[in-house]
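Read top to bottom, the protein sequences are chains A and B.
For the record, in the first sequence the residue sitting at position 2 is 2 according to UniProt numbering, with numbers rising by one throughout.
For the record, in the second sequence the residue sitting at position 27 is 27 according to UniProt numbering, with numbers rising by one throughout.
In what follows, a structure is listed as structure tokens, so that the remarks can point back to it.
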Amino acid sequence: MHHLHHDFTTPRDHEKPARVNPGEVGTVDVRPDDPVDLPPPGDFRKQTGRSIEVNIPLLAENNRLAAENREHFKSHGLKVINLVSGPGAGKTTLLARTLKELANSISCGVLVGDLETDSDAQRLRHDAVPVAQLTTGSACHLDAHMIAHGFEALHMHNPQLLFIENVGNLVCPAEFDLGETVRVALFACTDGEDKPLKYPPIYRSSHLVLMTKADIAEACGFDRKQARENLKKVCPKAEVIELSSKTGDGFEQWLEFIRGIL
Amino acid sequence: MHELGIAESALKAAIVEMEKQKAIRILSLTLRIGELAAVDPQAMEFAFKTVTLGTPAEGATLEIDHVAPIAWCRDCSESFSTDSIAFFKCPRCGNYSGELKQGREIELARLELDS
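Laid out in structure tokens, this is it:
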């Protein structure tokens with residue numbers, strides 16, 4: 001039975017009454033008048049694809065660039081020292097004296113990172129040493145990309161040693177490999193003995209710790225033994241040198257370390 | 001801390017693998033992340049959703065296999081669990097002589113591809 005113009009709002013006109021009496025088997029035609037548009041059969045299975053094991057280490061972009069820098073420096077026979085510390089631990093003063101001491105024997109270059117100003121680069125100005133200031137704007141650390149650009153800007157001829165003075169910050173620079181040969185953390189006597197316990201990663205990731213401002217350690221009531229014990233807990237493998245960039249005490253040991261990596 | 005960069009690297013690696021396998025879509029992606037890798041799963045999820053928009057991995061599920069940190073003592077060769085990124089005190093000899101052996105990994109472990 002087919003109704004050509006069936007309207008669902010009007011009762012249907014079926015051949016047989018809908019009423020089925022007990023003992024009878026009735027047939028009720030309930031076919032829709034027009035074919036109903038059913039959705040096409042969907043995929044009822046849970047969608048699964050091919051599963052493959054890949055095991056790819058995800059080097060963040062910085063690590064990749066740092067590896068490139070390292071390769072590049074190596075091919076030039078250049079050694080790189082990344083100086084890290086909180087603000088005011090004496091990086092620039094240390095560097096100024098170090099450059100002076102090395103001026104006649106080693107060809108050096110310097111990259112200095114700061115959020116703003118070129119005052120550190122100005123302080124480090126030296127006739128024999130190219131110095132470039134990297135102003136990072138809001139970035140609280142230097143990254144491998146900045147170093148690649150900075151090094152290019154230095155235009156060094158047969159350089160032997162590049163110093164990087166990182167942005168004064170005890171947290172972020174620890175996470176950013178720059179492609180350096182060694183990382184040197186400054187731990188000033190004025191920082192207090194517990195700094196390594198409070199900011200372990202930066203010390204832990206360093207090869208050498210310089211305890212700076214040793215000349216005023218007494219005046220600050222700085223407990224050397226406690227400081228060294230704290231360092232021992234955080235970075236048992238790091239070498240520790242106490243020095244003063246002002247008096248030059250302990251400097252020979254630091255210069256010896258530098259000559260040792262060249 | 002660096003979730004966005006990790007999400008981008010993961011997506012790049014996954015797409016390279018997808019093309020290698022001649023697949024057309026990435027259905028799911030599993031990262032293996034050490035508990036000391038300083039990766040926040042929620043930030044990771046958000047970063048992943050953002051970077052996959054408009055790519056063959058859009059709508060893919062992100063799964064994370066967490067790796068518990070284990071340190072190893074240089075002095076007595078003892079392996080031990082740790083929850084510090086800095087202090088690896090050996091429970092056997094008491095020295096701070098541990099080295100982290102696992103717990104900082106960030107890897108793309110598995111992919112599920114639709115071809």
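Don't be surprised by glycine CBs; every beta carbon is placed ideally from N, CA and C.
All of these numbers come straight from a predicted model, not from anything done at the bench.
Quick one, which of the options has its alpha-carbon nearest residue i's?
i, options, result
"residue 108/B", "24/B, 15/B, 32/B", "32/B"
"residue 93/B", "101/B, 50/B, 79/B", "79/B"
"residue 87/A", "113/A, 69/A, 62/A", "113/A"
"residue 180/A", "237/A, 24/A, 74/A", "74/A"
"residue 157/A", "183/A, 130/A, 249/A, 148/A", "130/A"
"residue 259/A", "221/A, 170/A, 160/A", "160/A"
"residue 7/B", "17/B, 48/B, 23/B, 25/B", "48/B"
"residue 72/A", "60/A, 90/A, 148/A", "148/A"
"residue 87/B", "236/A, 252/A, 249/A, 251/A", "236/A"
"residue 90/A", "204/A, 169/A, 61/A", "169/A"
"residue 111/A", "117/A, 132/A, 176/A", "132/A"
"residue 99/B", "56/B, 61/B, 73/B, 36/B", "73/B"
"residue 188/A", "205/A, 220/A, 174/A", "220/A"
"residue 2/B", "62/A, 218/A, 144/A", "62/A"
"residue 22/B", "4/B, 89/B, 56/B, 71/B", "56/B"
"residue 103/A", "210/A, 128/A, 27/A, 226/A", "128/A"
"residue 251/A", "210/A, 223/A, 226/A, 218/A", "210/A"
"residue 253/A", "118/A, 22/A, 52/A, 101/A", "101/A"
"residue 4/B", "39/B, 114/B, 113/B", "39/B"
"residue 143/A", "224/A, 198/A, 218/A, 60/A", "60/A"
"residue 65/A", "145/A, 256/A, 122/A, 224/A", "145/A"
"residue 234/A", "255/A, 225/A, 198/A, 222/A", "198/A"
"residue 35/B", "90/B, 91/B, 51/B, 81/B", "81/B"
Could you tell me which residues DSSP puts in a beta bridge with residue i?
i, result
"residue 182/A", "81/A"
"residue 161/A", "79/A, 108/A"
"residue 126/A", "129/A"
"residue 188/A", "212/A"
"residue 73/B", "98/B"
"residue 61/A", "The partner list for residue 61/A (beta bridge, DSSP) is empty, contrary to what the question assumes."
"residue 114/A", "135/A"
"residue 240/A", "209/A"
"residue 84/B", "Paired residues: none, contrary to the question."
"residue 79/B", "72/B"
For residue i and residue j, which I take to be in contact (beta-carbon distance under 8 Å), what is that distance rounded to the nearest angstrom?
i, j, result
"residue 164/A", "residue 80/A", "7 Å"
"residue 9/B", "residue 58/A", "4 Å"
"residue 172/A", "residue 140/A", "5 Å"
"residue 78/A", "residue 134/A", "The pair is not a contact, with the Cβ atoms about 17 Å apart (cut-off 8 Å)."
"residue 27/B", "residue 49/A", "5 Å"
"residue 106/A", "residue 182/A", "That belief does not hold up - the Cβ atoms of residue 106/A and residue 182/A are roughly 15 Å apart, past 8 Å."
"residue 208/A", "residue 85/A", "Contact flag wrong, Cβ pair sits at about 12 Å."
"residue 136/A", "residue 167/A", "6 Å"
"residue 124/A", "residue 99/A", "7 Å"
"residue 200/A", "residue 85/B", "7 Å"
"residue 111/B", "residue 54/A", "6 Å"
"residue 206/A", "residue 184/A", "6 Å"
"residue 97/B", "residue 75/B", "5 Å"
"residue 226/A", "residue 193/A", "4 Å"
So the beta strand (DSSP E) residue i belongs to, where does it begin and stop?
i, result
"residue 102/B", "98 to 102"
"residue 234/A", "Careful: residue 234/A lies outside any beta strand (DSSP E), inside the alpha helix (DSSP H) at 224 to 234."
"residue 34/B", "25 to 34"
"residue 88/B", "Note, residue 88/B: premise wrong, no beta strand (DSSP E); not H, not E."
"residue 66/B", "61 to 67"
"residue 112/B", "106 to 114"
"residue 50/A", "50 to 57"
"residue 217/A", "It is not in any beta strand (DSSP E) - residue 217/A instead sits in the alpha helix (DSSP H) that spans 217 to 220."
The alpha helix (DSSP H) spanning residue i covers which residue range?
i, result
"residue 52/B", "41 to 52"
"residue 9/B", "3 to 20"
"residue 101/A", "91 to 102"
"residue 257/A", "251 to 261"
"residue 151/A", "144 to 154"
"residue 195/A", "195 to 198"
Is residue i near the ligand SAH, in the sense that its beta carbon is under 7 Å from a heavy atom of that ligand?
i, result
"residue 133/A", "In the structure shown, the ligand SAH is absent, as is every other ligand, since no ligand is present at all."
So does the segment 42 to 52 of chain B actually touch the segment 93 to 104 of chain A, counting three or more Cβ pairs closer than 8 Å? No: fewer than three Cβ pairs fall under 8 Å.
Does the segment 1 to 20 of chain B come close enough to the segment 229 to 239 of chain A that 3 or more CB-CB pairs lie under 8 Å? no
Pair every Cβ in the segment 60 to 71 of chain B with every Cβ in the segment 98 to 112 of chain B, then say whether three or more of these pairs are closer than 8 Å. As far as the Cβ criterion goes, the segment 60 to 71 of chain B touches the segment 98 to 112 of chain B, which means the pair count is three or higher.
Quick test of the definition: if touching needs 3 or more C-beta pairs under 8 Å, does the segment 207 to 216 of chain A touch the segment 244 to 251 of chain A? yes
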